[in-house]
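One line per chain: the protein sequences are A and Y, in this order.
Heads up: the first sequence begins at 2 in our numbering, then just goes up one per residue.
Heads up: the second sequence begins at 2 in our numbering, then just goes up one per residue.
Okay, so here's the structure we're looking at.
2 protein chains.
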Amino acid sequence: MTQPVEIHPGLLKDCHDIGPLKLSRLLLMDEAAWPWLVLVPLRPNKVDFDDLDPMDSYRVSDEIRECSMALKRLYSPAKINVAALGNSVPQLHIHIIARFTDDPAWPRPVWGVTEKRRYGEAELRHRIEQIEHEIHSTFGFGDRPG
Amino acid sequence: MTQPVEIHPGLLKDCHDIGPLKLSRLLLMDEAAWPWLVLVPLRPNKVDFDDLDPMDSYRVSDEIRECSMALKRLYSPAKINVAALGNSVPQLHIHIIARFTDDPAWPRPVWGVTEKRRYGEAELRHRIEQIEHEIHSTFGFGDRPG
Numbered sequence: 002m003t004q005p006v007e008i009h010p011g012l013l014k015d016c017h018d019i020g021p022l023k024l025s026r027l028l029l030m031d032e033a034a035w036p037w038l039v040l041v042p043l044r045p046n047k048v049d050f051d052d053l054d055p056m057d058s059y060r061v062s063d064e065i066r067e068c069s070m071a072l073k074r075l076y077s078p079a080k081i082n083v084a085a086l087g088n089s090v091p092q093l094h095i096h097i098i099a100r101f102t103d104d105p106a107w108p109r110p111v112w113g114v115t116e117k118r119r120y121g122e123a124e125l126r127h128r129i130e131q132i133e134h135e136i137h138s139t140f141g142f143g144d145r146p147g
Numbered sequence: 002m003t004q005p006v007e008i009h010p011g012l013l014k015d016c017h018d019i020g021p022l023k024l025s026r027l028l029l030m031d032e033a034a035w036p037w038l039v040l041v042p043l044r045p046n047k048v049d050f051d052d053l054d055p056m057d058s059y060r061v062s063d064e065i066r067e068c069s070m071a072l073k074r075l076y077s078p079a080k081i082n083v084a085a086l087g088n089s090v091p092q093l094h095i096h097i098i099a100r101f102t103d104d105p106a107w108p109r110p111v112w113g114v115t116e117k118r119r120y121g122e123a124e125l126r127h128r129i130e131q132i133e134h135e136i137h138s139t140f141g142f143g144d145r146p147g
């Protein structure tokens with residue numbers, strides 16, 4: 002029996018939980034300026050990408066690709082930014098962000114560039130529904146062979 | 002016969018070419034504040050991580066892990082930052098950056114935070130030799146089964 006892995010409170014404070022993928026938990030960053038997903042691989046004590054074993058790194062690569070393609074189908078962005086930074090929250094998490102040439106940070110990275118704009122309630126529900134539907138049609142939720 | 006893939010001039014302007022890995026070309030960012038590697042997967046017309054096919058994405062994952070571990074062995078950083086952004090240079094490239102709690106941007110991401118400090122000649126040669134030696138001892142150069 003595997004110990005359940007908790008999401009770090011620093012991530013839950015800034016994100017909404019969308020649901021489990023095969024390996025990772027999928028979160029939505031509460032930042033309305035960008036469609037911005039966060040993957041948290043549910044393995045204990047992982048900080049950097051290279052802390053994953055090779056098979057898990059391939060699983061995360063698949064999830065990054067699937068999430069990127071879902072964002073492209075939904076929002077037709079100019080670019081997808083992918084990043085595992087985690088200097089402030091020491092649990093491995095991977096940002097997947099849809100970028101647009103007229104977004105408030107373009108072409109710079111999104112971090113620290115603009116004032117945070119949290120989702121309104123209806124806007125948040127709509128965004129989560131879109132993403133759930135698109136991701137579900139690709140690889141489903143709750144399917145976690147570990 | 003595969004067409005050779007050129008490195009985008011925008012990358013060559015800011016980086017030094019260290020050599021080929023199995024799939025990617027390994028570059029060193031000319032930024033002396035951080036040990037900062039850049040992987041350029043040598044596949045034509047790739048912009049985002051999800052443009053790679055699944056097998057290539059696994060190869061790149063291996064290279065990210067190997068490069069991260071080499072930086073850790075060499076420099077004992079507090080954290081490794083990994084990112085595929087590429088909003089300015091439209092050829093897929095992956096940053097792998099050793100971060101330290103006393104570095105000039107910590108804990109923020111490195112982009113756009115500080116004035117660029119290029120390597121001096123001796124410093125650059127020393128850094129490249131360290132990295133070449135460490136990476137070579139792990140997986141060798143010039144070995145490209147494609």
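Ideal placement from N, C-alpha and C gives every residue a C-beta, glycine not left out.
Keep in mind the model is a prediction, meaning the values are calculated, not measured.
What distance in whole Å lies between the Cβ atoms of residue j and residue i, which are believed to be in contact at a cut-off of 8 Å?
i	j	result
residue 69 of chain Y	residue 97 of chain Y	6 Å
residue 57 of chain A	residue 12 of chain A	Residue 57 of chain A to residue 12 of chain A, Cβ: 18 Å. No contact.
residue 173 of chain A	residue 85 of chain Y	Coverage of chain A is limited to positions 2 through 147, which leaves residue 173 of chain A absent and any answer about it impossible.
residue 95 of chain Y	residue 40 of chain Y	4 Å
Would you mind telling me which residues of chain A sit closer than 8 Å to residue i, beta carbon to beta carbon, in chain order?
i	result
residue 63 of chain Y	55 and 58
residue 113 of chain Y	109 and 110
residue 77 of chain Y	Chain A residues near residue 77 of chain Y: none, gap ~13 Å exceeds 8 Å.
residue 66 of chain Y	50, 51, 53, 55 and 58
What three-state label does DSSP hand residue i in the structure shown?
i	result
residue 77 of chain Y	coil
residue 85 of chain Y	strand
residue 136 of chain Y	helix
residue 1 of chain Y	It is not possible to answer for residue 1 of chain Y, since the shown part of chain Y is limited to 2 through 147.
residue 130 of chain Y	helix
residue 106 of chain A	coil
residue 116 of chain Y	coil
residue 122 of chain A	helix
Could you list which residues in chain Y have their beta carbon closer than 9 Å to that of residue i, in chain order?
i	result
residue 80 of chain A	48, 49, 86, 87, 88 and 91
residue 6 of chain A	Those do not exist, as residue 6 of chain A stays about 20 Å from chain Y at its closest Cβ, beyond 9 Å.
residue 83 of chain A	49, 50, 51, 83, 84, 85, 86 and 95
Starting from the C-beta of residue i, find all residues in its chain whose C-beta is less than 7 Å away, skip the five residues before and the five after it, and write them out in chain order.
i	result
residue 31 of chain Y	15, 16, 17, 119 and 120
residue 76 of chain Y	36 and 99
residue 144 of chain Y	Interpretation of residue 144 of chain Y is limited by its pLDDT of 48, a score under 50 that renders its predicted location unreliable; the figure taken from the coordinates is listed afterwards. Contacts found: 23.
residue 42 of chain Y	24, 25, 53, 57, 61 and 93
residue 135 of chain Y	71, 74 and 75
residue 59 of chain A	none
residue 127 of chain Y	none
Within the same chain, show all residues whose beta-carbon is closer than 6 Å to that of residue i, passing over the 5 residues directly before and after it, in chain order.
i	result
residue 80 of chain Y	100
residue 105 of chain A	34 and 115
residue 72 of chain A	36 and 99
residue 5 of chain A	none
residue 50 of chain Y	85
residue 167 of chain Y	Outside the displayed span of chain Y (2 to 147) sits residue 167 of chain Y, for which this structure offers no information.
For residue i, collect the residues of the same chain with a Cβ closer than 8 Å to its Cβ; drop the 5 residues on either side in sequence, then sort them by chain order.
i	result
residue 91 of chain Y	9 and 48
residue 46 of chain A	52
residue 131 of chain A	75
residue 65 of chain Y	40, 83, 95 and 97
residue 89 of chain A	11
Name, please, each residue of chain A whose Cβ falls closer than 7 Å to the Cβ of residue i.
i	result
residue 100 of chain Y	88
residue 156 of chain Y	What is shown of chain Y runs 2 to 147, which leaves residue 156 of chain Y out entirely.
Subject >> Within the stretch 5-80 of chain A, ranges of the alpha helix (DSSP H) (whole runs, at least 4 residues) >> reply: 10-15 and 55-76
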